[in-house]
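These notes are about the structure you will find just below.
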Amino acid sequence: MYRAAAAVAALVLTGYVVTLAPTVTFWDAGEFIAAAYTLGIPHPPGTPLFVLIAHAWGLLLPIGEFAYRTNLLSAVLSASAAGLFFLVVHESLRGWAAGLDEPTGRLLRVGGAAAAAILGAFTFTNWQNSNETEVYGVATFTIAAMSWLVNLWRRQRDTERGPRLLLLVVFLAGISIGNHLLALLAGPAIVGFLAVTLRREPAADPIRRRQEWGQVAVVAGVWALLVGTGLGSTTLTAVGALCFVAAAVYAATGGAGVFAMVSLAIAAVGFTPYLYLYIRSGQNPMINEAAPATFDALLAVIRRAQYPPRTPLDDPTVPHGPENPGRTIGLLWLQLKNYFQYFDWQWARSLELPLRSLATVAFAALGLRGLLTQRRSDRANWWLLLLLFLVTGLGLVIYMNFRPGFSLGFERYPRGEDHEVRERDYFFVVSFVIWGLWAGIGLATLARDLSARAAAARRLAPAVLGLALLPVALNFGSASRRHGPDARLAADFAYDLLNSAPPYGVLFTYGDNDTFPLWWAQEVAGIRRDVTVVCLALANTDWYMRQLRDNPTRPVEVAELPAIWRDSVPPRPEAPLHGMSDSAIASALNGYYVSEPQSVRLGPLTRELSPGTVLYPNDIMSLSVVQQNLGRRPIVWAVTAGRGFAGLGDYVVQKGLGFHLRIALPDTTDPSLDLKRLASAPLDIPTTETLVY
Numbered sequence: 001m002y003r004a005a006a007a008v009a010a011l012v013l014t015g016y017v018v019t020l021a022p023t024v025t026f027w028d029a030g031e032f033i034a035a036a037y038t039l040g041i042p043h044p045p046g047t048p049l050f051v052l053i054a055h056a057w058g059l060l061l062p063i064g065e066f067a068y069r070t071n072l073l074s075a076v077l078s079a080s081a082a083g084l085f086f087l088v089v090h091e092s093l094r095g096w097a098a099g100l101d102e103p104t105g106r107l108l109r110v111g112g113a114a115a116a117a118i119l120g121a122f123t124f125t126n127w128q129n130s131n132e133t134e135v136y137g138v139a140t141f142t143i144a145a146m147s148w149l150v151n152l153w154r155r156q157r158d159t160e161r162g163p164r165l166l167l168l169v170v171f172l173a174g175i176s177i178g179n180h181l182l183a184l185l186a187g188p189a190i191v192g193f194l195a196v197t198l199r200r201e202p203a204a205d206p207i208r209r210r211q212e213w214g215q216v217a218v219v220a221g222v223w224a225l226l227v228g229t230g231l232g233s234t235t236l237t238a239v240g241a242l243c244f245v246a247a248a249v250y251a252a253t254g255g256a257g258v259f260a261m262v263s264l265a266i267a268a269v270g271f272t273p274y275l276y277l278y279i280r281s282g283q284n285p286m287i288n289e290a291a292p293a294t295f296d297a298l299l300a301v302i303r304r305a306q307y308p309p310r311t312p313l314d315d316p317t318v319p320h321g322p323e324n325p326g327r328t329i330g331l332l333w334l335q336l337k338n339y340f341q342y343f344d345w346q347w348a349r350s351l352e353l354p355l356r357s358l359a360t361v362a363f364a365a366l367g368l369r370g371l372l373t374q375r376r377s378d379r380a381n382w383w384l385l386l387l388l389f390l391v392t393g394l395g396l397v398i399y400m401n402f403r404p405g406f407s408l409g410f411e412r413y414p415r416g417e418d419h420e421v422r423e424r425d426y427f428f429v430v431s432f433v434i435w436g437l438w439a440g441i442g443l444a445t446l447a448r449d450l451s452a453r454a455a456a457a458r459r460l461a462p463a464v465l466g467l468a469l470l471p472v473a474l475n476f477g478s479a480s481r482r483h484g485p486d487a488r489l490a491a492d493f494a495y496d497l498l499n500s501a502p503p504y505g506v507l508f509t510y511g512d513n514d515t516f517p518l519w520w521a522q523e524v525a526g527i528r529r530d531v532t533v534v535c536l537a538l539a540n541t542d543w544y545m546r547q548l549r550d551n552p553t554r555p556v557e558v559a560e561l562p563a564i565w566r567d568s569v570p571p572r573p574e575a576p577l578h579g580m581s582d583s584a585i586a587s588a589l590n591g592y593y594v595s596e597p598q599s600v601r602l603g604p605l606t607r608e609l610s611p612g613t614v615l616y617p618n619d620i621m622s623l624s625v626v627q628q629n630l631g632r633r634p635i636v637w638a639v640t641a642g643r644g645f646a647g648l649g650d651y652v653v654q655k656g657l658g659f660h661l662r663i664a665l666p667d668t669t670d671p672s673l674d675l676k677r678l679a680s681a682p683l684d685i686p687t688t689e690t691l692v693y
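Those letters in the sequence shown? Residues 1 to 693, per the working numbering, in order.
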């Protein structure tokens, strides 16, 4: 059985490696790679467990560049999860092939479990997640491991290993908080499995029976406590603590009091990776998001205080508060429609509609058949997968309360800012994997029914199971991060954007996709560390403003500069990037409303502020940076961030992938300038051709 599971995991890993991203990708991957390499602190909640695992993995694995190694970590963990889910399904199919001869029954059981694991592994979203550096591989592996551990507990609950297996589940639940809260969503499923097992297979000894129920109550109580702690909610933590105390008292009356205390201690040990954030932040790493060097700051990271609040009752397109009109049935329907859109992507993403819908209907029907089959064959595991599916699917739709997706609902919400900045299918990845498991069981059921009819039909059984490979072919083109012109796009973009800045340039970026690849390039690949990157999205926070001021400018490597910049390397700047004091930064967080005309001196230039102008924190910080550096350091806006140009758009010229701020108006008679640009900034054609092409 374990050999078969290892073989399935190896097969899945082979598929992942074929499509694995060769280097950094867009979105959070660049941030995670850079944080893992430098032992930095990524965005809240900080994911300390992932950073530590990825750092150790990247150091110990001598294969390819560091980004490829951490990408491979995701693939290995997701493939291992497939092997564990194989074991869970194999356990579910025990006794399912009754009536067939033993070799055929064994073949169908192993083949059905393999089909289920493969279908779950190669759902589009899970496959795509497994090809890049992300936290979801660790989360999926943790859920799969806990699912298999409770199955082992069911086998060995009458031995001394039974309680130890439950303690291991508690430890995984506790430590998973340091990676992603997704793994905690397995709590209802795990507790449901344990409870159903005890109800359907009660221990003969009443003392033993009471003790086992006490242990299950403790697991549930610890889980409630971990949820409150993981969310950083004082109220939920208090409720969780009460649940645990009640469970511990109940367990103690049944002879499981020691189990309760050990469970609490083990869960607490699992939570300790968060100490890494507190300790490492105090050492001021280059990537130090939210700067959790104090207890209050650490608690703010755990609570995700950096992000605007949103409750499941809010209209997510309107800021939280008294003016929020509340969530409507129409909006909930649109969110459910969005989920079903993502579900439609899982089986044949490379196909266009309506062909893709045919595949979706087929695999939806197979999943329903598998769900019903598992309900008859293994009620406890059926509850395990059903609760996992509901909580990580529809449950997350209700709880997360996302804005309409990036490709849906524009007829009702035409403004781009009312939509998510990217598709959020990755949040629901576990629910897609679970449906894939059911679809595999559905295929196995069809193969079993064929085998039971006649010897001639029995020969078709392997072909039926082989249909599990269909999504591999139909998702390959869309899920692959290795094939196609965009395989190295993020890395090339980062290289070209950084080199578009002159030595010791100040480079303004907009958000995740034009910032995180630059962090990878500077911190991991060592490209243009002399450039100071200023992310305008992060510049709305006080901790980032302080870091921009306090972090020193790093020396330029002249030999690595593009030839166009090598002849004009200025001395390394010693002055801070801006001169805002801590009190000025605190004041800037409130923004500034211009009530009457004002002139702001920005180096040798002047910006006029008209009445009614609203300056947000990042506007104030940008003005301070320009004021401090114009005429002293090159100032550049990335092409992705070129909008207001601090009100000095007339003085901007595009060179490469950056808009360069000058202290004199461009010469409109210069034949090297293309004046007809969409960004309303002249393009320096020779320089751009040198830097980019």
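Beta carbons are placed, not taken as given, at the ideal position from N, Cα and C, and that holds for glycine.
Secondary structure in the region 282-344: the alpha helix (DSSP H) runs of 4 residues or longer, each lying completely within the stretch, are 295-303 in chain order. Contact annotation: P503 and W565 have beta-carbon atoms nearer than 9 Å. Per DSSP, H90 lies in no beta strand (DSSP E) segment; the continuous alpha helix (DSSP H) that holds it begins and ends at 66-92.
In the assembly as shown, E352 is an exposed residue. Its beta-carbon has fewer than 16 other beta-carbons within 10 Å. Secondary structure remark: continuous alpha helix (DSSP H) runs of at least 4 residues inside the region 506-563, in chain order: 512-523, 542-550. Secondary-structure assignment with DSSP links Q156 through no beta bridge to anything. From the listed residues A584, P485, F32, the smallest Cα separation to A521 is found for F32. For the pair V636 and H660, the CB atoms are nearer than the 9 Å cut-off. Between the alpha carbons of T25 and A36 lies a distance of about 15 Å. The criterion of a C-beta distance shorter than 9 Å is satisfied by R327 and P312. The beta carbon of P414 sits closer than 8 Å to no other beta carbon from its chain once the five residues preceding and following it are set aside. Per DSSP, T606 lies in no alpha helix (DSSP H); the unbroken beta strand (DSSP E) holding it starts and ends at 605-609. Along the region 92-172, the alpha helix (DSSP H) occurs as fully enclosed runs of 4 or more residues at 102-121, 124-129, 136-156, listed in sequence order. For F659, the enclosing beta strand (DSSP E) has its first and last residue at 658-661.
With respect to R601, L648 sits apart: the two C-beta atoms are not nearer than 9 Å. The C-beta distance from I177 to L184 rounds to 7 Å, short enough to fall under 8 Å. Under the DSSP assignment, W57 falls outside any beta strand (DSSP E), being part of the alpha helix (DSSP H) whose first and last residues are 48-60. Per the coordinates, the alpha-carbon of V12 lies some 38 Å from the alpha-carbon of L538. From the listed residues L577, E689, T373, the smallest Cα separation to D496 is found for E689. In the structure shown, W637 falls within a strand segment according to DSSP collapsed to helix, strand and coil. Y504 sits in coil when the DSSP states are folded into three classes, being neither helix nor strand.
Beta-bridge partners assigned by DSSP to Q654: F659, L683.
By the C-beta density criterion, I287 is buried, having at least 16 other C-beta atoms within 10 angstroms. Secondary structure at Y616: coil, using DSSP grouped into helix, strand and coil. Counting the other CB atoms within 10 Å of its CB gives G192 a total of 16 or more, which places it among the buried residues. For the set R549, S568, L548, the Cα lying nearest the Cα of E557 is the one of S568. For Q374, the enclosing alpha helix (DSSP H) stretches over residues 355-377. DSSP places R422 outside any beta strand (DSSP E), giving it a letter other than H or E. Within the model, the alpha-carbon separation for R94 versus G40 is close to 47 Å. By the C-beta density criterion, G644 is exposed, having fewer than 16 other C-beta atoms within 10 angstroms.
Fewer than three Cβ pairs drawn from the region 239-247 and the region 136-153 lie within less than 8 Å of each other, which leaves the two stretches out of contact.
In the three-state DSSP reduction, V594 falls in the coil class, being neither helix nor strand. Taking Q346 as reference, the option from L465, F432, V245 with the minimal CA-CA separation is F432. R601 sits in a strand when the DSSP states are folded into three classes. Rounded to the nearest angstrom, the Cβ distance from R529 to N499 is 12 Å, too far for a contact under 8 Å. Per DSSP, Y413 is not a residue of any alpha helix (DSSP H), being assigned neither H nor E.
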